[in-house]
């Protein structure tokens with residue numbers, strides 16, 4: 003399989019195995035943390051607040067992470083991030099063990115983890131190009147996605163085997179195991195992993211405001227990248243918060259517990275893995291919007307089906323397709339963006355992609371978590387599916403051309419609103 007070509011590089015093989023271990027622990031901790039917050043507060047709003055704390059900080063720090071990763075030794079920086087995440091997870095386990103855990107403390111530790119994830123996510127995307135080279139870049143991006151999606155299966159499955167009668171004991175064990183996984187990865191990288199650290203050459207002007215202007219000028223000539231960034235932001239705001247709703251869905255709709263939640267999260271992860279088994283064709287990378295539109299419409303149908311499910315089997319059926327379409331769309335968008343990005347701006351465009359995606363997730367999680375408290379998780383899923391249909395229709399190239407033509411016509415009528423919209427709309 004061509005998608006496995008990056009595994010011929012020893013450094014990438016080591017990185018691939020280490021990331022599966024680390025990210026499986028991270029996924030398990032995210033699931034357990036959401037369940038613990040729901041047990042402490044019986045509110046999906048608090049689950050959304052935790053995600054907002056974590057991912058909001060990641061969004062704010064991502065641009066600086068990209069700049070720092072260009073200037074520092076990435077291997078040293080990656081090891082430092084893994085060790086910091088290990089300390090955070092072990093602190094969380096200790097607080098649960100001593101009985102001092104509170105929702106506010108969960109939020110504080112989520113902020114710390116969010117800062118670390120900002121660096122880890124940017125480094126993970128950048129190191130693929132460092133280790134495999136441009137000829138295997140798209141395969142490396144998709145293998146990265148496979149590690150993330152495989153962790154969405156392994157993390158919950160490990161959690162299932164650790165579930166006991168005492169919720170606090172179960173969460174304590176999960177946090178401790180995650181901390182040890184971070185330490186194992188840091189040790190593995192320190193001993194065996196090597197990759198070139200060659201910062202990308204940039205313009206001689208060092209003023210941050212001028213460098214920012216250069217990136218904006220680059221985006222002004224690549225409106226497809228802007229459209230892809232907007233699509234990822236929309237998916238992050240309206241679709242990704244389904245994870246916030248799952249603990250309440252398992253408890254209130256399916257009348258289950260942590261085991262049902264684990265199966266639901268794992269099923270979505272299995273769907274995500276299937277979506278990444280083949281890397282995108284050159285035809286897709288040239289024109290990604292048609293395929294993306296179809297995926298998003300299937301995603302909308304899956305969200306609606308989930309909202310109408312009242313037993314675990316049907317919920318898992320729709321979650322499989324939800325994971326396939328949602329989690330499979332982000333690597334497609336990432337590949338299409340990197341295909342259109344020059345090396346000079348790669349780190350900053352990747353960090354901008356991370357920032358737009360991570361920035362939309364906490365806002366959507368907080369908003370739809372609160373909406374779920376008011377209307378219930380089923381009605382909230384129905385609302386998100388309605389907005390997802392609109393996005394899917396707008397992604398069709400023919401619809402984009404029609405919208406672009408209308409905006410150009412309005413722009414000639416001196417409409418300043420249309421002028422602003424035309425700058426962010428892809429017009430052939």
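Numbering (my numbering), first residue to last: 3 to 430. We treat Cβ as the ideally placed atom computed from N, Cα and C, and that holds for glycine.
Collapsing the DSSP output to three states places residue 224 in coil. With fewer than 16 neighbouring CB atoms inside 10 Å of its own CB, residue 315 falls in the exposed class.
If you look at residue 339, you'll find it in the alpha helix (DSSP H) that goes 314-341. With respect to the 8 Å criterion, residue 26 and residue 156 are classified as neighbours on the basis of their beta carbons.
Contact annotation: residue 184 and residue 91 have beta-carbon atoms nearer than 8 Å. Distance from the Cα of residue 318 is smallest, within the candidate group 356, 262, 11 and 347, for 262.
Distance check between residue 191 and each of 79, 390 and 56 places 79 closest, using alpha-carbon atoms only.
Residue range 76-100 is occupied by the alpha helix (DSSP H) that includes residue 78.
Within the same chain, 95, 98 and 99 come within 7 Å of residue 174 by CB-CB distance, once the 5 residues on both sides are set aside. Less than 8 Å divides the Cβ of residue 291 from the Cβ of residue 399.
Taking 8 Å as the cut-off, the Cβ atoms of residue 342 and residue 226 count as close.
It is roughly 17 Å from the alpha-carbon of residue 325 to the alpha-carbon of residue 359. Cα atoms of residue 9 and residue 269: separation of roughly 26 Å, rounded to the nearest angstrom. Nearest Cα to residue 275 within the set 332, 310, 372 and 127: 332. Annotated as proximal: residue 124 and residue 71, with beta-carbon spacing under 8 Å.
Measuring C-alpha to C-alpha distances from residue 300 to each of 329, 279 and 33 identifies 329 as the nearest. In this structure, residue 188 sits away from residue 122, with a CB-CB distance that is not shorter than 8 Å.
Contact between residue 305 and residue 387 holds: CB atoms are separated by about 4 Å, below the 8 Å threshold. Of the candidates 384, 379, 389 and 391, 379 places its Cα closest to the Cα of residue 47. For residue 36, the uninterrupted alpha helix (DSSP H) run begins and ends at 12-43, by DSSP. Where residue 311 is concerned, there is no enclosing alpha helix (DSSP H), because DSSP gives it neither an H nor an E. Apart from the 5 residues on each side of it in sequence, residue 60 sits with its Cβ closer than 6 Å to the Cβ of 116, 119, 120 and 360 in its chain, given in chain order.
Residue 264 holds the alpha-carbon nearest to the alpha-carbon of residue 252 among 297, 145, 264 and 273. Taken atom to atom, the span from the alpha-carbon of residue 7 to that of residue 347 is near 26 Å. If the five residues before and after residue 58 are omitted, its C-beta is found closer than 6 Å to the C-beta atoms of 364, all from its own chain and listed in chain order.
Short of 7 Å from the beta carbon of residue 368, and not among the five residues preceding or following it, lie these beta carbons of its own chain, in chain order: 50, 51 and 54. In the structure shown, residue 65 falls within a helical segment according to DSSP collapsed to helix, strand and coil. Apart from sequence neighbours up to five positions away, the residues of its chain that approach residue 143 with a beta-carbon distance below 7 Å are 130, 333, 336, 337 and 340, ordered along the chain.
Pairing residue 20 with residue 245, the inter-Cα distance amounts to about 25 Å.
Under a 10 Å Cβ-count criterion, residue 104 is classified as exposed, with fewer than 16 other Cβ atoms of the shown protein chains found around its own Cβ. Note on geometry: alpha-carbon atoms of residue 222 and residue 171 lie some 53 Å from one another.
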